[in-house]
Each structure stands twice: as C-alpha cells, then as structure tokens.
Amino acid sequence: MKIHEYQAKEIFRKSNIPVPRGGVANTVDEAVKVAETLHGRAVLKAQIHAGGRGKGGGIKIAANSKEAKELAGKMIGMNLVTHQTGSEGKKVHKLLIEEPVEVKRELYAGMVIDRSKGCLVIMASTEGGMDIEEVAAKTPEKILKEYIDPTLGLCPFQASRLAFWLGFKGKTAGLARTLFMNLYKVFTENDCSLVEINPLVETKNGDILALDGKINFDDNALYRHEDIVALRDMTEEKESEIEASKYNLNFIKLDGNVGCMVNGAGLAMATMDIIKLHGGEPANFLDVGGSTNPEAVENALKIIVADPNVKGILINIFGGIVRCDRVASGVIEAAKKTKIDIPIVIRLEGTNADIANKMLTESGLKFQVAESFSNAAKLAVETVR
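Everything in the sequence shown is counted per UniProt numbering, starting at 1 for the first residue and increasing by one.
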C-alpha cells in the first residue's frame, strides 16, 4: 500500500525526522491560507502516487500569496503525466504547500527488505535527487549499505558510519545519526516495505531535512495498523484493483489484451512471460490464490472482462491444494453468469485434471482446453490475433 508525500512526512514528523513546515490543501483557498502562514513564498507540490513530478510540472515555486493562488488554480485538477504514471497520467486532487529551503547538499536515505540477504538494509548515497536505481546501475560505489541483524536492530555505530560516510561533521553528524535511527524506527514499527527520503538535504544553516518522503507498507500486515489503512487514497488506485482487493485477489492491471487468471504468484509471472514469448501482451497479473474456489474464479473473471482491452482470456491453474474439477465448475458457472463473449483458453494440471477437462469439453461452452503450458499460451495469443 502506498501513501502520499504529505502523509509520509506526517509519520516522519511524529518520529522526530525533521521535515519542512507546511500543510496540505484540497482547494485553492486552502492553498492560499497555507502559503500565507509561510509568509507567501512557498513550494507547491502535486500529491499523486508517482515520482518524477517536477519534470511533469507537478512542483512549482510561488514568490507570494497571489502567485500561490494562480499556481494552485492551475495545479488542482490537472492531469499530471510523469514517467511513472504512464501516458494516461493522474489527476491531482491535493497539493502539499511547504516553505522553500536553502539547500547546501542533496543526499539520499532509504530502507528496504533485502530478500537475498534475508534482512533489512538501510542505504545512503551522496547522489540525492536522482533515481536510486540509476545510481545503483551506473555508480554503485556511491551507495553505502548497512545490513541490519534482526536480533540487534540498527546499531548506533552503523548509523554513525552512514552519517560520516555522507560527509557530515560535528553537530550535523549527530543529527544525521539520529535521523537514521528514527528511519529504522519508522520502518519496523509500521511494517513498511519501503521508506525513502530523496532528497535528504543539508541546509545552509546546518540543519538536515527530509525534503521528500515516500513510504510503502506491507499489505499483509495492514490488519495490525488501522491508522495506516485509513490513509489509503482510493482515487489513486485503478477501479479494477480496488474491486479485486474486496475478494482478496492479487491483481495488477497491465496494457496488453490477453487476460490472465492464475493461481500462485510464481506461476502468474511465468504465465505472463510465456505469453510474451509467443508474441502476445498480458493484460493483467491476477493471482487467485492457492485455495481457488468457484466464487474467487467468478469474481476474477468479472474483473478481467471489465477491461475493454481484453480480447481473450488464459486460465492457467495448477491443482495442488485445490482440485481442478472444482476450478472447472467455477469457470463454467462464471462463464454462464457473466455471459463472456470473448474466447477462453484453459489449461488445468494436477489433481483431477482429467475430470476437469472433460467437464469443460462437455459444458457446451466455447472453451479451448490446452494440453500443456506452452500450448495454452500459444493458443491464447493466436486466438486474440
């Protein structure tokens, strides 16, 4: 789950990570009021769940309250297109209004789970304000990583090493050390999957500020954090993904025309890969889960066919935990109820697969039953063409 920058900064503020003064505005009048508390001169930042806002015109500087009003009028309601939104862009509903900061240096601080090492890692870089992925690819030596022993947590000496490596000295080094310790606290106490400050800035008067903030949360831990669930902004999510979440379906909309329904994340990714291998384009990632049942199948199909780009569907189920005949029954019932008029290719393998394939063949519906994984993907791509 993602949240907005202004929400991330509120969490930072509560955890004693310094951020610029400011406030959020939903209307032009609110934007002016916030700008006036900052003596007129203010930075206006569009609040969407995507990076690259500055290049897309989503970050502006106002010299006074009058200019803040003019800029807010143009920005609220605008369709902001960045390299992360895709060509369709995202509508701006809110602005974060903040005081300008005199920046001496732009740096980077972030924390993620390193699954290859099986632990958390906290990172720092002297290359703030840039995509950290680009820095990692071109100049990895400019990133320092501190791996965190889960039994000890982030140790003070590790936080000090990060601060000194970034070139902080004296009082500022102490501020940076405290910031890294608090960043670890934010991550662990809120079950985050990502915490990022880019840029982390050193000001000309020797302070340290989180000039930007990004936090993602582990969906599987949200049941422990009602306060975080309340931060969810439905306007930033696709309608199909919101609908899928109601039925505990793992769904991500893509740009292709072959709808996919698969059980298991690994098999779902492999299915998308093999569709592309045969020259097709998947329309979605959809994992219906290991214990697939008829109701889940029906809801999954409804979500897939609601996408007008989908011209055909590939159902690829491995019956390990679930029986294939139960899946087949669900597919047949769902196809009848939803009146699907696009071709469906089905590959079922595992427990009771023979019974399931017979049920599909004798259903009277126009299913194409595939004999193998590769054959199923090839059929689906050819059918769509």
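Built from N, CA and C at the ideal position, the CB exists for glycine as well.
Segment limits, beta strand (DSSP E) that includes residue i
i	result
Gln368	Phe367 to Val369
Ser125	Cys119 to Ser125
Ala31	Premise fails: Ala31 lies in the alpha helix (DSSP H), Val28 to Thr37, not in any beta strand (DSSP E).
Phe217	Lys214 to Phe217
Val288	Looking at the DSSP string, Val288 is not in any beta strand (DSSP E), and its letter there is neither H nor E.
Neighbourhood of residue i by C-beta, 6 Å cutoff - its chain only, sequence neighbours within 5 removed
i	result
Val201	Val103, Glu106, Leu209 and Leu211
Phe187	Met111 and Val195
Glu349	Phe318
Ala335	Leu365
Arg21	Glu99
Asp114	Val121
Ala268	Val262, Phe285 and Asp287
Ile355	Asp325
Asn79	Gly89 and Lys91
Phe367	Ile344, Ile346 and Leu360
Cβ pair residue i, residue j closer than 8 Å
i	j	result
Val310	Ile317	no
Ile143	Tyr184	no
Ala159	Leu166	no
Leu71	Leu44	yes
Met1	Leu360	no
Gly51	Gln7	no
Ile344	Ile215	no
Asn26	Lys94	yes
Leu254	Phe285	yes
Asn182	Ile17	yes
Val288	Val381	no
Val28	Ile76	yes
residue 422	Phe180	In the structure as shown, the chain begins at 1 and stops at 385. Residue 422 is therefore absent and cannot be evaluated.
Lys9	Gly256	no
Gly128	Asn205	no
Leu379	Ala300	no
Ser240	Asp131	no
Residue i - containing alpha helix (DSSP H), residue span
i	result
Gly259	It is not in any alpha helix (DSSP H) - Gly259 instead sits in the beta strand (DSSP E) that spans Val258 to Val262.
Val331	Cys324 to Thr338
Asn357	Ala353 to Thr361
Asp273	Ala265 to Leu277
Asp227	Glu226 to Val229
Met75	Ser65 to Met75
Asn182	Gly170 to Glu189
Contact set for residue i: own chain, Cβ-Cβ below 7 Å, skip 5 residues either direction
i	result
Gly23	Val34 and Ile97
Lys145	Val121 and Met123
Ile274	Phe373, Ser374 and Ala377
Glu141	none
Pro294	Arg326, Ser329, Gly330 and Glu333
Residue i versus residue j - alpha carbon distance
i	j	result
Ile252	Ser245	10 Å
Ala296	Gly280	26 Å
Glu133	Gly110	12 Å
Ile342	Thr151	54 Å
Ala328	Ala377	18 Å
Ala136	Tyr108	12 Å
Lys74	Ile59	12 Å
Ser15	Val81	32 Å
Phe217	Ser193	5 Å
Val229	His49	16 Å
Thr351	Ala270	20 Å
Ser363	Ile340	14 Å
Val101	Thr203	7 Å
Glu237	Ile3	11 Å
Met138	Glu36	For the record, residue 138 in the displayed sequence is Lys; it is not Met. Roughly 43 Å between the two C-alpha positions.
Leu277	Gly312	17 Å
Met272	Ala283	9 Å
Thr383	Glu5	44 Å
His225	Arg385	46 Å
Ala42	Gly57	15 Å
Ala46	Tyr247	32 Å
Lys302	Glu371	25 Å
Pro156	Leu231	31 Å
Residues near residue i in its chain [Cβ-Cβ closer than 8 Å; skip 5 each side]
i	result
Ala353	Gly319 and Cys324
Lys337	Glu298
Ile242	Met234
Tyr147	Asp114, Lys117, Cys119, Leu120 and Val121
Arg53	Lys45, Ala46, Ile59, Leu80 and Thr82
Arg13	Val19
Min CB distance residue i to chain C below 8 Å
i	result
Val327	Although the question refers to chain C, the structure presented lacks it and comprises just one protein chain.
#### Entry: Inter-stretch contact (C-beta, 8 Å, three-pair minimum) for the stretch 23-42 and the stretch 51-65
yes
### Task
Could you tell me whether the stretch 312-327 touches the stretch 260-269, where touching means 3 or more Cβ pairs closer than 8 Å?
yes
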